[in-house]
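Sequential numbering from 3 applies to the sequence shown in the numbering used here.
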Amino acid sequence: MNDELLNGSVFKSLMLFAIPFMLSNLLQVLYGAADLFVVGHFATTSDVSAVSIGSQTMAMLTNLILGFTTGITVLLGQFFGAKKEKELAATVGSSVVLFTMIAVTISIILFLTNHQIVGLMHTPNDAISATRSYLYICSLGTVFIVGYNAVSAILRGLGDSKTPLLFVAIACVINVIVDFILVDGYQMGAAGAAIATVLAQAGAFIFSLIYLKYKGLGFKFNRQDISFNLPMIAKITKVGLPIGLQSALVGISFLLITVIVNGMGLVASASVGVVEKLIEFLMLPAIALGNAVATMTAQNFGAEQYSRAYKSMRYGIAFCLSISLIVTVVCQFDGSIFTRIFSSDQAVIKNAALYLQTYSFDCLCTSFIFCYNGYLNGGGYTVFTMLHSLLATFILRIPLTLVISKLSGITLFHMGIASPIASMASIIMCVIYIRYLNKKLLF
């Protein structure tokens, strides 16, 4: 266990915890791109389509799982800060039972609804068989995805963000090696990529269990703690489920926006795809700081150090703004500096830069939103973070995107306005709620 988040310099503690988180997220993005890269070079076009569609489905499920496991991180953080070792053991034990059930349930649902998912994704006829194979194989490996993320959530809740980085690195290495062996060497296409993904997650999960066996958790924990503790399972679900649903539904919303933009033609579709891929990288600091703020807030709320938790949120915002401000300014003058990284087509580069010119203001907004959400999630107020995100997304972002797309003479420059407007609404809701909360906590 690590109590650095409870003592010393707030900024230093936050950054030391956030940097491994940021590197983990970067490796996760690169890990996701590895399958597509190898398949794109050594397999058929239908395999590329299958991996692209299949990985989108798995990404939504992974986001749901990641959000849900945040419930573990928050509760462990609060109990750690309050020095309640009995509750720490009960949380870990209940998590084992809960997430085993979740893993089995997701595997069965994914396996049984394979055909329906492939149909809903409007999979091209030539890629249907490969996509089904990809999803069937991935469904068998869901237990490893859930298990690895649950172990990582436990360690982060106890103040350790470095060890989960090691797990991700192991998964990346296994994934790339097996990808080349199966996709290039054995010409297994999308199925080979799926097997590589499952083996990589299995390797990371097994290593994480070995690590826990020999290193321990830092408090007394035994097999008797692994039980169906309904009150504790309810607490984990109450905190984690809203975050998981928020992640999944926001992911679906971006798919809906993609569908809207697809109606504007091939160049527009490709341009928005380039920007979305770019945003995955540009948002990494904000995502990492938001998660770091959540853990730091959880521990300090448990220790009743509310002002320290609030300071971590403010430092997180300041750091994220310093990066996003540079990105936004560059995008106003020449966004093609970024967009040409993912495309060589001049029309796509130009239109993606236009879209990025307005969409980049969302980077400024999310500097606030991710850290606000981190503060609120760490305090256990996850229902509010879900509600404000869904309201901004489904009441503003999607309808605005649809309305703007129907106007005459519009370009992707105009389409990019919807996201920052929706994010501003989220910021306003968060500011009002946090002010109310801070008065309630008397600081």
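Think of the CB as a built atom: it goes at the ideal place given N, C-alpha and C, for glycine as much as any other residue. This one's a predicted model, so the numbers in the text were calculated from it and none came from an experiment.
- Query: Helix, strand or coil for residue 5 per DSSP?
  - Reply: coil
- Might you give, ordered along the chain, the residues of its own chain that have their beta carbon closer than 8 Å to the beta carbon of residue 222, omitting 5 neighbours on each side? 87 and 91
- Query: Comparing alpha-carbon positions, which option in 224, 432, 286 and 189 lies nearest residue 378?
  - Reply: 432
- Task: Say whether the region 395-405 touches the region 419-434, bearing in mind that this needs 3 or more beta-carbon pairs closer than 8 Å, one atom from each stretch.
- Result: yes
- Item | Neighbourhood of residue 251 by C-beta distance below 7 Å, restricted to the same chain and skipping five residues each side | 392
- Query: Just checking my contact of residue 311 with residue 20 at CB under 8 Å: how many whole Å lie between their CB atoms?
  - Reply: Actually they do not touch by this definition, with Cβ atoms about 15 Å apart.
- For the alpha helix (DSSP H) containing residue 121, list its first residue and its last residue. 116-122
- Leaving out five residues before and five after residue 273 in sequence, what residues of the same chain have Cβ atoms less than 7 Å from its Cβ? 350, 353, 354, 357 and 414
- Message: Can you confirm whether the region 194-205 touches the region 131-144 when touching is taken to mean that 3 or more C-beta pairs between the two stretches lie within less than 8 Å?
- Response: yes
- Task: Leaving out five residues on either side along the sequence, give the residues of the same chain with a beta carbon under 6 Å from the beta carbon of residue 98.
- Result: 228
- Item | residue 15 versus residue 160 - alpha carbon distance | 14 Å
- Near residue 280, what residues of its chain come up, given a Cβ to Cβ distance below 6 Å and the 5 sequence neighbours on each side ignored? 340
- Task: Taking residue 381 as the reference, give the member of 157, 293 and 344 with the closest Cα.
- Result: 293
- Message: The alpha helix (DSSP H) that contains residue 228, what's its start and end?
- Response: Segment: none, residue 228 is in no alpha helix (DSSP H) and carries neither H nor E.
- Might you give, ordered along the chain, the residues of its own chain that have their beta carbon closer than 7 Å to the beta carbon of residue 370, omitting 5 neighbours on each side? 319 and 429
- In this structure, does DSSP put residue 150 in helix, strand or coil? helix
- C-alpha distance - residue 224 paired with residue 216, whole-angstrom precision: 14 Å
- Message: With the cut-off set at 8 Å, would you say residue 322 and residue 359 are in Cβ contact?
- Response: no
- Message: Just to confirm my understanding: we take residue 182, look at its own chain, exclude 5 residues before and 5 after, and list those with CB closer than 7 Å. What are they?
- Response: 40
- Please classify residue 382: does DSSP put it in a helix, a strand, or coil? coil
- Could you tell me which of 343, 286 and 186 sits nearest to residue 43, measuring between CA atoms? 186
- Task: Could you tell me the distance, in whole angstroms, from the CA atom of residue 102 to the CA atom of residue 180?
- Result: 26 Å
- Just the C-alpha distance for residue 73 and residue 237, rounded to the nearest angstrom, thanks. 8 Å
- Message: With a threshold of 8 Å, are at least 3 pairs of Cβ atoms found where one atom belongs to the region 120-130 and the other to the region 144-151?
- Response: no
- Item | Per-residue DSSP class, three states only, for residue 188 | coil
- Query: Between the C-alpha atoms of residue 245 and residue 235, what's the straight-line distance to the nearest angstrom?
  - Reply: 16 Å
- Task: Kindly confirm or deny that the region 77-84 and the region 295-303 touch, where touching means at least three C-beta pairs closer than 8 Å.
- Result: yes
- Query: Excluding five sequence neighbours on each side, which residues of the same chain lie with their C-beta closer than 8 Å to the C-beta of residue 450?
  - Reply: With the chain running from 3 to 445 in the structure shown, residue 450 is simply not present.
- Query: Can the beta-carbon of residue 132 be found less than 8 Å from the beta-carbon of residue 48?
  - Reply: yes
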